[in-house]
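Novice: Protein chains in written order, with the numbering used here: chain Y, 1228 to 1802; chain V, 148 to 532. Cβ atoms here follow ideal geometry from the backbone N, Cα and C, with glycine treated the same way. Attaching a single structure in structure tokens format; questions to follow.
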């Protein structure tokens, strides 16, 4: 209630959008009703940017869909005492035709994934022109002229030519620019941006954030920015609304939220993402803040990471190349050189971070070391023996010793296996443990080690959340007692608070079992936090290798510099 | 270890799918209908019901009980409606309306070889045949006549002129015939669908999993196979196998029907082989066979299961068409297709009940089975909805 009151002190005529006591529930099946929003309230003033921040399941996207009137009709219900006032008119009580008029003209939206939001069968110019003809009643030639002007405005070079391109001919960043052009085509008063940069590389993200902020200022729009990433929000928002499980936890100006957070959850969210300028022994997790104390002093101590001269090499990769061949035409072939002449050494008990944007070949390196892809050329020496020269049978004992943890914990566990089967299968294959009883005992120890209860053993993966599944995947990798674990974007799909827990777990396990990690990620902050050395890849080539603190302090290669420069810094106190 | 007090067995995906299935009212109703048909089939196979379908219990084309009219009496002195014992009629008289003419004809022809005696009798029920004229030259004529008389006497005793759903040409009860026919039709449908699904799934799994030239080979084979018009292919195989029987039909349908399943399963394997859980299985050292059948198969088996069900429906219809065309079951067997084949001629004469019975049974089963298949698909893959 206090939050509401603070908001009501704002001058009335200023308010463009006012969401009051919004309750939305979804019918999951006959007997289950899920309350997605439990009576949330917030306001957006004219020409203001308000960010809705929260982890998955917080209800931030549901809020934006409710404002747009796009909630699924068949199973979503909005409580009758909810109100969404837009310029004094209640959107929840508008008839569908009037709501359609409102959408696109007064309120418009940018989505997370531009590829699926654009129609692949029409040129981007005609898709923008369609919006103009529909809402502004322009004729064909007028609309297409305006479409080209809009493409120019969102920073697409050679807009006249680009207007005739189809979505697949554009890069992800360009597609998002087209989406933005469509959204601002009718000069709406409110622009809703639902995770608009989450699917983009960090350098592109920076460009899009700047573009949207400029357009907002130029057109005098208000903006509702939905994101899970506090760092991005800190750069763009005037006010921040922190949500969790369908409730507003904190609502305040960006400065207040970042410098003086009141709510324990907000405080935890701010701290659980790895900081760039420090390396606490353990990352903060939500639980640390439930009692309001924060992480223990011992865990706040910064630890040193880096290479030392007496490291023992475990895995030596030299001249690794991987080409993908595609058939083109009847007999033609197109070769994509995904990995070009990559060499590096991984030392025992150390972590090598591998950073790059999408298409840099970083994941291919990991999969090629696992021999999940066949290398085109090069050597991978494990304890001096070349893995690539081995037959599958010879490689079996080595297979056990190099393991991988994939990005998506929803896809990497076989949904038809119980957790017990998932953990015991590798032990059966590699004859670890004398019999199944012994293996079960080992599995239960592993589950305990990754922080899962023994009951997990007989359950199926679909009964667990993403973070829990990733723990199970880690337990599976551990079941083979590997020397090297390749973490292929292993924490990228997780919420920040869960990501912190998994990163802490990975650190603990490394300390305990002296494993080496090849940590592949696009998230520079995470890689810097966990790695001893960092290797930066761009378009299949290694551009820079150095100790992690070194590379962040003084990046040598221009690409690395640009990459580091693009990391969102969050709220910067005005000097 | 797990504490039995707090441990609840967690439902696997199959259990969840089953729960969704039985929560669906249409699915339950159609399952009951299909189960009833399967029970009938099982009953008739084990000889508990419809074992005596081949008994000629009624007169030819006896009308269904609910449409029988007194008009029937014009051919039969027993004028009552309902099962009537016609034994009191003098043998031969009533049933052969041409008896007098025949006698005159015989007299005019003298004592020649009496083949002419049968000709005028064509088109009347054979029971009425008077064989008086061939006794002289036929050495077994007396035995034949005795046997015939005996058979007539016996048959006459039981033959009724109406049945609940009528009778066919030979006086078989149409209801029993339909039940017996369901045995062939359902058995053929299910067995052929099983053969087709096993072939399609196996080839699809191999082609989709390995890809490359193996995939190319199977696709080439598939393309050639589907390039031949389906019905012609069936008829050609039927001609080559050159023997009628349930096994033959199962083989024909099974060997020609795998193509659609092959495409679907291949596509599923293509999709799944690069999924992370399969890569994870590769990473832990699982063999190709293990990845194909232990890891991927349970995740695509719902496709095979739905296809099995879809094809069972299709093959029940195909069997009917084959039998209708005369490539189906042998004459001593009955199936819905052969019933429809017979009905072709009967319909002109106004005897519609055999057609109605076979069509009704098939329509009910096929509809129920199709609805069950839809519900099954929804239950197994709720995301498609």
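1. What are the complete alpha helix (DSSP H) segments, minimum 4 residues, inside the region 1290-1334 of chain Y?
2. Any Cβ of chain A within less than 8 Å of the Cβ of residue 419 of chain V?
3. DSSP three-state label for residue 208 of chain V, please.
4. 8 Å is my cut-off, CB to CB: does residue 1657 of chain Y come that close to chain V?
5. Give the DSSP-derived three-state secondary structure of residue 1466 of chain Y in the structure shown.
6. So if I threshold CB-CB distances at 7 Å, which residues from the region 423-455 of chain V count as touching chain Y?
7. Classify residue 1684 of chain Y as helix, strand or coil using the three-state DSSP reduction.
8. Less than 8 Å between CB atoms is the rule here; does residue 159 of chain V satisfy it with respect to chain Y?
9. I need the DSSP call for residue 421 of chain V, collapsed to helix, strand or coil.
10. When you check each C-beta in the region 1629-1644 of chain Y against every C-beta of chain V, which residues fall closer than 7 Å?
11. Going by the beta-carbon positions, is the gap between residue 475 of chain V and residue 469 of chain V smaller than 8 Å?
12. Hey, quick one: how far does the alpha helix (DSSP H) through residue 1760 of chain Y stretch, first residue to last?
13. Tell me whether residue 1473 of chain Y is buried or exposed, calling it buried when 16 or more other Cβ atoms sit within 10 Å of its Cβ.
14. Return the residues of the region 1587-1601 of chain Y that lie within a Cβ-Cβ distance of less than 8 Å from chain V, sorted by chain order.
15. Got a sec? Which residues, its chain only, sit under 8 Å from residue 477 of chain V by beta carbon, not counting five neighbours each side?
16. Can you find at least 3 beta carbon pairs, one from the region 1491-1510 of chain Y and one from the region 1741-1755 of chain Y, that sit closer than 8 Å?
17. Output needed for residue 1762 of chain Y: all residues of its chain with C-beta closer than 8 Å, excluding positions within five of it in sequence on either side, in chain order.
18. Let me know if residue 330 of chain V comes out buried or exposed under the rule of 16 or more other beta-carbons within 10 Å of its beta-carbon.
19. For chain V, is any of its Cβ atoms less than 8 Å away from the one on residue 1653 of chain Y?
20. Could you check whether the Cβ of residue 1617 of chain Y sits closer than 8 Å to any Cβ belonging to chain V?
21. Can you confirm whether residue 1254 of chain Y, when its beta carbon is compared against all beta carbons of chain V, has any partner nearer than 8 Å?
22. Tell me, which residues are paired with residue 1560 of chain Y by DSSP?
23. Can you find a CB in chain V that lies within less than 8 Å of the CB of residue 1707 of chain Y?
24. So, using beta-carbon positions, are residue 1347 of chain Y and residue 1307 of chain Y closer together than 8 Å?
25. Could you give the C-beta distance for residue 355 of chain V and residue 423 of chain V, rounded to a whole number, given that I count them as a contact under 8 Å?
26. Report the neighbours of residue 1626 of chain Y on chain V: residues whose CB is nearer than 8 Å to its CB, in chain order.
27. Check this for me: beta carbons of residue 1365 of chain Y and residue 1330 of chain Y, under 8 Å apart or not?
28. Should residue 1478 of chain Y be labelled buried (16 or more other beta-carbon atoms within 10 Å of its own) or exposed?
29. With a threshold of 7 Å on Cβ separation, who are the neighbours of residue 221 of chain V within its own chain once the five nearest residues in sequence on each side are excluded?
30. Under three-state DSSP, which class holds residue 1248 of chain Y?
31. Grab me the residues of residue 528 of chain V's own chain with a C-beta within less than 8 Å of its C-beta, minus the 5 sequence neighbours each way, in chain order.
32. Based on the DSSP output, what are the partners of residue 437 of chain V in its beta bridges?
33. At 9 Å on the CB atoms, spell out the chain V contacts of residue 1744 of chain Y, in chain order.
34. List, from N- to C-terminal side, the beta strand (DSSP E) runs of 3 residues or more that fit wholly inside the region 1414-1487 of chain Y.
35. Beta-carbon within less than 6 Å of residue 1277 of chain Y's beta-carbon, same chain only, minus the 5 sequence neighbours each way: which residues are those?
36. Between the C-alpha atoms of residue 288 of chain V and residue 256 of chain V, what's the straight-line distance to the nearest angstrom?
Specialist: According to the structure data:
1. 1323-1332
2. The structure shown contains no chain A; the protein chains it does contain are Y and V.
3. For the purposes of this step, residue 208 of chain V is taken as residue 61 along the second chain, with counting starting at 1. Strand, per DSSP.
4. Here residue 1657 of chain Y is taken as the residue at index 430 of the first chain, counted from 1. Cβ-Cβ to chain V under 8 Å: yes for residue 1657 of chain Y.
5. In the first chain, residue 1466 of chain Y corresponds to position 239, counting from 1. Looking at residue 1466 of chain Y - three-state DSSP - the assignment turns out to be strand.
6. 423, 424, 426, 427, 429, 430, 431, 432, 433, 442, 445 and 446
7. Here residue 1684 of chain Y is taken as the residue at index 457 of the first chain, counted from 1. Reduced to three states, the DSSP call for residue 1684 of chain Y is helix.
8. As a first step, residue 159 of chain V is located in the second chain; it is residue number 12 there, counting from the start. Output row for residue 159 of chain V: interface = yes.
9. Here residue 421 of chain V refers to the residue found at position 274 of the second chain. Coil.
10. 1630, 1631, 1633, 1635, 1638, 1639, 1640, 1641, 1642 and 1643
11. As a working note, residue 475 of chain V is residue 328 in the second chain. As a working note, residue 469 of chain V is residue 322 in the second chain. Closer than 8 Å, so yes.
12. Taking the first chain and counting its residues from 1, the one referred to as residue 1760 of chain Y is at position 533. Run containing residue 1760 of chain Y: none in the alpha helix (DSSP H); it sits in the beta strand (DSSP E), 1760-1765.
13. Along the first chain, read from residue 1 onward, the residue named residue 1473 of chain Y stands at position 246. Classification of residue 1473 of chain Y: buried, given that the 10 Å Cβ count is 16 or more.
14. 1594, 1597 and 1599
15. On the second chain, position 330 is the one that residue 477 of chain V refers to. Excluding residues within five positions, the ones whose Cβ falls inside 8 Å are 391 and 392.
16. yes
17. Locating residue 1762 of chain Y in the first chain gives position 535, counting from the first residue. 1571, 1579, 1580, 1581, 1582, 1769, 1771 and 1772, listed in sequence order.
18. Counting from 1 along the second chain, the entry for residue 330 of chain V is found at position 183. Residue 330 of chain V should be labelled buried.
19. Locating residue 1653 of chain Y in the first chain gives position 426, counting from the first residue. For residue 1653 of chain Y, the answer is yes, since a Cβ of chain V falls inside 8 Å of its Cβ.
20. Position 390 of the first chain, counting from 1, holds the residue named residue 1617 of chain Y. Chain V, which has no Cβ nearer than 8 Å to the Cβ of residue 1617 of chain Y, makes this no.
21. Along the first chain, read from residue 1 onward, the residue named residue 1254 of chain Y stands at position 27. Not an interface residue.
22. For the purposes of this step, residue 1560 of chain Y is taken as the residue at position 333 of the first chain. Its beta-bridge partners are Y:1554.
23. The residue you call residue 1707 of chain Y lines up with position 480 of the first chain. True, the Cβ-Cβ gap to chain V drops below 8 Å.
24. Looking up residue 1347 of chain Y in the first chain gives position 120. Looking up residue 1307 of chain Y in the first chain gives position 80. Going by C-beta atoms, residue 1347 of chain Y is not nearer than 8 Å to residue 1307 of chain Y.
25. Position 208 of the second chain, counted from the start, is the residue given in the question as residue 355 of chain V. Position 276 of the second chain, counted from the start, is the residue given in the question as residue 423 of chain V. That pair is no contact at about 17 Å.
26. Looking up residue 1626 of chain Y in the first chain gives position 399. Within 8 Å Cβ-Cβ: 430, 431 and 432.
27. The count along the first chain starts at 1 and reaches residue 1365 of chain Y at position 138. The count along the first chain starts at 1 and reaches residue 1330 of chain Y at position 103. Contact flag unset, no.
28. Looking up residue 1478 of chain Y in the first chain gives position 251. Residue 1478 of chain Y should be labelled buried.
29. Locating residue 221 of chain V in the second chain gives position 74, where the first residue counts as 1. Because residue 221 of chain V carries a pLDDT of 42, less than 50, the predicted location of this residue cannot be relied on, and no value is offered for it.
30. Position 21 of the first chain holds residue 1248 of chain Y. The answer is strand: DSSP assigns residue 1248 of chain Y an E or B state.
31. Counting from one through the second chain, the residue named residue 528 of chain V turns up at place 381. 449.
32. Within the second chain, the letter at position 290 stands for residue 437 of chain V. Note: residue 437 of chain V sits in no beta bridge, so no partner.
33. For the purposes of this step, residue 1744 of chain Y is taken as residue 517 along the first chain, with counting starting at 1. The contacting residues do not exist; residue 1744 of chain Y stays about 15 Å from chain V at best.
34. 1417-1421, 1449-1454, 1466-1471 and 1474-1480
35. Here residue 1277 of chain Y is taken as the residue at index 50 of the first chain, counted from 1. Only 1271, 1451 and 1466 meet the Cβ criterion.
36. To locate residue 288 of chain V, count along the second chain from 1; it is residue 141. To locate residue 256 of chain V, count along the second chain from 1; it is residue 109. So the two alpha carbons sit approximately 20 Å from each other.
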